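Protein chains in written order, with my numbering: chain A, 156 to 623; chain B, 156 to 623. We put the beta carbon where it would ideally sit given N, CA and C, even for glycine. All values derive from a computational prediction rather than experimental measurement. Working notes, structure below.
Here's what the structure looks like:
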């Protein structure tokens with residue numbers, strides 16, 4: 156290992172190498188602190204050429220590589236195992252925006268660019284880069300693409316996968332594939348970009364990407380709406396899509412229990428409506444046109460929803476800052492739940508038409524198995540994506556509840572499978588769900604994935620133990 | 156071969172098998188009549204199970220399969236070779252819409268559904284299926300997906316690739332992969348859908364798909380605009396995107412020569428503006444809102460474009476029927492050019508920022524090499540996609556001009572490559588560009604494609620001689 160480290164040091168210099176135990180720890184620990192790995196070192200290259208040279212050394216010496224960006228993933232996909240033999244390849248120093256081509260509506264960026272910086276750079280060029288998610292202040296675009304990140308703007312703009320025109324990838328052989336084409340149409344063979352997006356670093360290392368930019372929204376309307384049930388929320392979604400079409404940018408659901416946790420743990424937070432209701436929808440319309448039209452549309456859409464008894468009450472934000480307050484309620488749910496104590500998280504997706512039935516069925520099944528259990532249900536309803544989280548019954552010790560993790564997961568994930576859903580909507584598999592997925596994917600689909608893996612990474616050095 | 160045909164007949168029955176020479180001919184001939192193959196037979200299964208059984212027989216007997224839909228492809232991708240040993244697998248009888256889930260905004264359809272029928276079925280459910288292209292009355296969705304079709308709505312809704320949530324595919328082994336999930340988010344491993352989309356039937360046979368549906372547009376504004384040059388058209392594109400954002404649905408360019416060919420060969424056609432100009436843009440705005448707002452917006456956008464001297468004149472359609480007349484001018488270009496005589500077609504894409512320079516450079520280079528040559532330049536400018544076609548100089552016999560095909564292609568495609576473009580934007584490679592692409596793709600990229608092909612089709616029975 157010493158020889159390996161010396162070879163790598165000659166590639167990246169002392170500034171690009173971390174080897175001391177205490178310095179390694181943050182890189183070796185995942186965001187939720189569920190996994191702590193033991194890497195041989197962390198290498199931080201600053202150019203694609205350095206990445207390629209490192210991978211060649213690893214291929215030659217059969218050292219496993221764990222690609223890492225902002226290390227904000229929720230499934231342990233960027234955390235090495237405990238063997239002490241895996242190398243973390245952290246892309247954070249590759250953080251240049253290589254080009255913004257505003258007429259082509261594209262930007263070419265390196266993997267280590269922090270997402271929020273890309274949003275800002277796009278805005279400076281009077282464009283929108285729409286990917287937006289909780290970790291945007293520290294997650295990096297290479298990780299976003301490797302996990303096909305979702306977030307709050309998928310309803311309008313799609314997942315990370317749909318925001319990419321081209322990639323640069325260092326392959327497991329150490330060769331560099333330059334697919335940095337800024338083309339909206341290119342039908343010249345298999346779409347290799349799509350293979351690497353969402354592969355969680357198991358097929359190669361994404362080092363740069365050409366991203367799509369969009370016209371900047373210049374007006375917005377944000378509302379919190381009270382609904383009687385998830386079923387009513389879904390009827391509202393249909394109503395809003397019909398009334399507002401392409402303007403509907405976000406459609407988020409959260410339950411009264413979610414709101415109560417936020418209000419309990421954050422003194423500054425205030426309930427959005429004078430009374431409390433069973434469920435809430437946070438929705439947002441946006442438009443490239445400036446002016447009041449989008450607000451007027453939101454008002455009329457909500458008025459007719461009230462008339463049709465789809466909703467019980469609604470508050471339309473009167474200012475950007477009130478819109479921010481509404482969004483904060485939604486964004487603080489995860490943290491509030493963490494303050495409340497350990498809980499069991501699920502990131503699931505379902506056909507939108509089956510969500511209501513899924514929630515009712517799964518709530519009932521969990522309540523039967525674990526009386527008093529508390530569901531913290533929220534998520535990107537417009538995308539069919541629920542964060543169906545579960546907190547212990549009041550008074551039950553966290554420890555004893557967390558011992559039921561596998562049993563709770565089994566109930567939730569089996570229900571997801573029965574409803575034609577996915578057990579990982581936007582977070583990926585990583586190491587957290589790598590075994591779990593085998594229960595839900597057909598052997599044939601797993602076999603196809605294994606063949607793709609073997610075709611691209613025959614030595615098996617790219618992020619082993621993840622995904623497949 | 157007789158034994159093979161008998162085995163296949165027992166699978167599909169007599170109604171599913173074509174073996175007589177005259178009946179085989181239309182299936183064996185491509186749309187542009189450039190390729191005429193000699194198939195052993197045409198088999199027309201009516202269920203996925205029949206497809207699977209046919210493929211198993213072929214895998215066992217090493218018979219090559221040429222999947223075929225509406226047979227409207229422009230690159231010979233669905234035409235067998237002349238060996239007499241390849242089997243055409245025509246999906247036209249698999250034409251059921253299995254489900255429309257309007258709340259999930261999806262429809263599950265079989266490969267043989269004609270595109271226009273799917274558009275209508277979506278409209279009947281008050282939804283939009285946006286894929287739209289010249290051949291929509293006879294092309295089939297399986298072919299559209301296998302070639303990742305483009306068309307006139309890509310600017311707003313994306314290519315076929317972006318309209319798919321899930322696939323059902325019969326693999327080269329005869330096993331059936333059921334990936335028919337109607338999920339907007341699903342991060343559980345490699346995205347196999349994307350591998351089969353655009354693979355032109357070389358990795359498996361797409362038998363069904365879950366397609367995305369969108370809110371129905373309820374107002375529209377269509378205009379033909381005169382511009383001085385492609386550069387001005389591009390400036391108008393930027394202006395229109397800024398002013399109209401998500402409402403810009405189509406942005407098509409055509410030159411005066413294109414218009415003159417349409418007027419010459421179609422008596423009913425009329426010039427859209429009182430005078431004639433160098434280039435025209437056909438643009439369309441659409442909105443899910445009914446009413447006049449989108450027309451008013453189009454008027455103000457065009458007025459400010461006139462003021463900024465981006466455009467010279469504009470005609471905004473006063474009715475749906477006038478909009479249809481404008482579209483017809485654009486749609487008749489290919490046919491008008493065919494009436495004019497043989498020509499050399501190119502389906503290229505470029506970064507939008509480089510299109511103007513590309514046209515100027517390539518026009519000049521072709522004029523130097525072939526004095527008097529006439530460029531028929533039109534296409535989906537909003538997507539960076541040009542149909543950069545070339546007609547012989549006036550008075551030059553078609554035959555002698557067509558002998559220059561390779562030299563003309565070389566000039567055009569080399570210029571595309573220098574500008575960072577693609578030599579097949581929306582038509583695919585098929586057999587037409589299978590060899591040509593080797594000049595423009597890196598050996599590494601070709602090697603990756605070959606590895607994917609070998610991993611999924613180790614026997615090489617799926618549409619050999621196409622793509623790779």
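Proximity winner among the options, relative to residue i (alpha-carbon distances)
i	options	result
residue 658 of chain A	A:233, A:168, A:620, A:569	Chain A is shown only over 156 to 623; residue 658 of chain A falls outside these bounds and no answer can be derived.
residue 251 of chain B	B:238, B:243, B:269, B:355	B:269
residue 510 of chain A	A:453, A:544, A:571, A:528	A:571
residue 475 of chain B	B:214, B:455, B:503, B:439	B:439
residue 446 of chain A	A:241, A:205, A:375	A:375
residue 364 of chain A	A:515, A:164, A:318	A:318
residue 332 of chain A	A:611, A:620, A:616	A:611
residue 413 of chain B	B:539, B:473, B:469, B:545	B:545
residue 381 of chain A	A:346, A:567, A:430	A:430
residue 485 of chain B	B:461, B:592, B:533, B:557	B:533
residue 322 of chain B	B:282, B:283, B:253, B:279	B:253
residue 265 of chain B	B:287, B:608, B:299	B:299
residue 567 of chain A	A:591, A:233, A:489, A:247	A:591
residue 423 of chain A	A:441, A:404, A:433, A:487	A:487
residue 633 of chain A	A:370, A:416, A:441, A:404	Absent from the structure is residue 633 of chain A, since the part of chain A shown begins at 156 and ends at 623.
residue 336 of chain B	B:346, B:248, B:330	B:346
Neighbour list for residue i in chain B, Cβ cutoff strictly below 7 Å
i	result
residue 302 of chain A	342
residue 580 of chain A	340, 341, 342
residue 453 of chain A	None at all; the shortest Cβ gap to chain B is about 12 Å.
residue 256 of chain A	506, 508
residue 622 of chain A	344
residue 396 of chain A	370
Sheet register partners of residue i (DSSP bridge)
i	result
residue 378 of chain B	B:438, B:471
residue 265 of chain A	A:363
residue 617 of chain A	A:220
residue 407 of chain A	A:437
residue 136 of chain A	Residue 136 of chain A lies beyond the range of chain A shown here (156 to 623); nothing can be said about it.
residue 579 of chain A	A:502
residue 173 of chain B	B:197
Chain-ordered chain A contacts of residue i [CB-CB under 8 Å]
i	result
residue 538 of chain B	339, 340
residue 610 of chain B	606, 607, 609, 610
Interface partners of residue i on chain B, CB under 9 Å
i	result
residue 586 of chain A	The contacting residues do not exist; residue 586 of chain A stays about 13 Å from chain B at best.
Partner residues on chain A for residue i, Cβ-Cβ distance less than 9 Å
i	result
residue 399 of chain B	370, 443, 444
residue 354 of chain B	344, 345, 346
residue 332 of chain B	597, 599, 600, 603
residue 314 of chain B	339, 340, 342
Within-8 Å CB hit, residue i to chain D
i	result
residue 346 of chain A	In the structure shown, chain D cannot be found, because the protein chains are A and B.
Interface residues of chain B facing residue i [CB-CB closer than 8 Å]
i	result
residue 596 of chain A	343, 344
residue 546 of chain A	Within chain B, no residue comes near residue 546 of chain A; the closest Cβ sits about 24 Å away, beyond 8 Å.
residue 317 of chain A	313, 317
Contact list for residue i against chain A, beta-carbon separation under 7 Å
i	result
residue 259 of chain B	506, 507, 508
residue 383 of chain B	Simply none; closest approach about 17 Å.
residue 393 of chain B	258
residue 349 of chain B	346, 349
| field | Entirely enclosed alpha helix (DSSP H) segments - the segment 514 to 569 of chain A, minimum 4 residues | value | Listed in chain order, the complete alpha helix (DSSP H) runs (minimum 4 residues) inside the segment 514 to 569 of chain A are 553 to 557.
| field | Length-filtered (4 minimum) alpha helix (DSSP H) runs lying within the segment 284 to 342 of chain B | value | The segment 284 to 342 of chain B is shown to contain whole alpha helix (DSSP H) runs of 4 or more residues at 296 to 301, 309 to 312, in chain order.
| said: Three Cβ pairs or more, each shorter than 8 Å: is that satisfied between the segment 272 to 282 of chain B and the segment 222 to 232 of chain B? | reply: Verdict: no, contact absent.
| query | Which ranges does the beta strand (DSSP E) cover as unbroken runs of at least 3 residues, wholly within the segment 177 to 259 of chain B, from first to last along the chain? | reply | At a cut-off of 3 residues, the continuous stretches assigned as beta strand (DSSP E) that sit fully inside the segment 177 to 259 of chain B are 194 to 198, 220 to 223, 241 to 245, 252 to 256.
| Inter-stretch contact (C-beta, 8 Å, three-pair minimum) for the segment 470 to 489 of chain A and the segment 391 to 403 of chain A | No, the segment 470 to 489 of chain A is not in contact with the segment 391 to 403 of chain A.
| query | Is there contact between the segment 199 to 219 of chain B and the segment 592 to 599 of chain B, where contact requires at least three CB pairs shorter than 8 Å? | reply | No contact exists between the segment 199 to 219 of chain B and the segment 592 to 599 of chain B.
| the segment 574 to 594 of chain B / the segment 331 to 345 of chain A touching (three or more Cβ pairs under 8 Å) | Contact between the segment 574 to 594 of chain B and the segment 331 to 345 of chain A is present, because at least three Cβ pairs lie under 8 Å.
| Quick one: complete beta strand (DSSP E) runs, 3+ long, within the segment 445 to 510 of chain A? | Taken in chain order, the whole beta strand (DSSP E) runs of length 3 or more contained in the segment 445 to 510 of chain A are 468 to 471, 502 to 504.
| message | Measuring CB atoms only, is the segment 380 to 387 of chain A touching the segment 461 to 471 of chain A, in the sense that at least three cross pairs come out at less than 8 Å? | response | Because the criterion of three Cβ pairs below 8 Å is met, the segment 380 to 387 of chain A and the segment 461 to 471 of chain A touch.
| Sufficient close CB pairs (3 or more, under 8 Å) joining the segment 251 to 264 of chain A to the segment 168 to 179 of chain B | Between the segment 251 to 264 of chain A and the segment 168 to 179 of chain B, the count of Cβ pairs shorter than 8 Å is below three; the stretches do not touch.
| query | Taking three-plus beta-carbon pairs below 8 Å as touching, is the segment 352 to 359 of chain A in contact with the segment 184 to 202 of chain A? | reply | Cβ pair count under 8 Å is below three, so no.
| said: For the segment 540 to 554 of chain A against the segment 483 to 503 of chain A, do three or more pairs of beta-carbon atoms, one drawn from each stretch, fall closer than 8 Å, so that the two count as touching? | reply: With a cut-off of 8 Å, the segment 483 to 503 of chain A and the segment 540 to 554 of chain A count as touching, because enough Cβ pairs lie within range.
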